[in-house]
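Numbering (our numbering), first residue to last: 1 to 252. Heads up, the beta-carbon is just placed ideally off N, CA and C, and yes, glycines get one too.
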């Protein structure tokens, strides 16, 4: 029987001076989590709770708009990144709609006009998450025993970082409507979800639900890091719910 929870790590020791013991404890927990789970949760990470809630609320409001309004924010044709609003094809097993946002410095983004200040909130969320990502990357570099600055040099191009807001359609009696189990092909992914939840992680062939918690962000170790560790890290995720769960991911 797998442990019914994934480890939670307090990042506050890395955001202040002098707490070397706190840093050491966090590094030990993260190191073990990478090898045993491929996932861990972080708290006190520096991303304001108010901003996280505002981003989720605005995304929910946007996804409630009529299709014709949402489709005004569809991707530009021929762009290098399908930024903007889209949804899975009708025959897809993955029943969700999503909004892709690239770096605020990019010219590929297609921002919805409504709700008001949505663009500003998305850009602020993106910048806060990427800043936290640099910290987590340096911590993972140490946890995994890699050469100094290896991950930063290996994955230094920030222009391909993307943030995706997903809304999943509710399951029905005939369709389970869960995202297929998958491994992320990047370095790592941040995920935070609303109170409905639905995120699950796989440990020892058992699916473990990740209970939503205010201000908590899940870190999913991606294939790039797993390959550096000869596939010793283990991570798979999926989503499954009979309501309309909402979550935001940042891929680094």
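Residue burial classification, residue i (beta-carbon count within 10 angstroms, cutoff 16)
i           : result
residue 200 : buried
residue 249 : buried
residue 211 : exposed
residue 92  : exposed
residue 228 : Unreliable positioning characterises residue 228 in this predicted model, as indicated by a pLDDT of 42, which lies under 50. The coordinate reading is nonetheless provided below. It is buried - the Cβ of residue 228 has at least 16 other Cβ atoms within 10 Å.
residue 78  : exposed
residue 117 : exposed
residue 5   : exposed
residue 198 : buried
residue 193 : buried
residue 107 : exposed
residue 41  : buried
residue 13  : buried
residue 103 : buried
residue 159 : exposed
residue 151 : buried
residue 70  : buried
residue 18  : exposed
residue 145 : exposed
residue 50  : exposed
residue 149 : exposed
residue 112 : buried
From the options, residue whose alpha carbon lies closest to that of residue i
i           : options            : result
residue 52  : 190, 70, 210, 16   : 190
residue 251 : 194, 157, 168      : 157
residue 39  : 55, 9, 62, 48      : 9
residue 28  : 71, 140, 105, 92   : 140
residue 45  : 128, 246, 84       : 128
residue 134 : 6, 7, 11           : 11
residue 75  : 68, 83, 69         : 83
residue 204 : 137, 37, 26        : 37
residue 292 : 166, 247, 161, 215 : With the chain running from 1 to 252 in the structure shown, residue 292 is simply not present.
residue 96  : 14, 170, 102       : 170
residue 253 : 208, 195, 147      : Residue 253 cannot be examined here, being either before or after the span of the chain that is shown, 1 to 252.
residue 43  : 34, 54, 30         : 30
residue 65  : 102, 166, 32, 115  : 115
residue 67  : 57, 56, 47, 86     : 86
residue 122 : 206, 146, 219, 58  : 58
residue 48  : 7, 126, 101        : 126
residue 124 : 55, 21, 208, 220   : 55
residue 143 : 89, 113, 130, 24   : 24
residue 188 : 16, 34, 168, 119   : 34
residue 166 : 216, 16, 62, 218   : 62
residue 247 : 20, 73, 98, 153    : 98
residue 105 : 20, 119, 7, 73     : 119
Strand pairing of residue i, partner residues [DSSP]
i           : result
residue 209 : 200
residue 217 : 42
residue 163 : 101, 250
Reduced DSSP secondary structure (H/G/I, E/B, other) of residue i
i           : result
residue 150 : helix
residue 136 : helix
residue 110 : coil
residue 118 : helix
residue 192 : strand
Distance cut-off 8 Å: residue i Cβ against heavy atoms of the ligand HEM
i           : result
residue 135 : As presented, the structure is devoid of all ligands, the ligand HEM included, so that no description of it is given.
Hey, which unbroken runs of the alpha helix (DSSP H) at 4 residues or more fall wholly within the segment 5-39? Runs found: 20-36.
I'd like the ranges of any beta strand (DSSP E) spanning at least 3 consecutive residues and lying wholly in the segment 48-108. 84-87, 96-101
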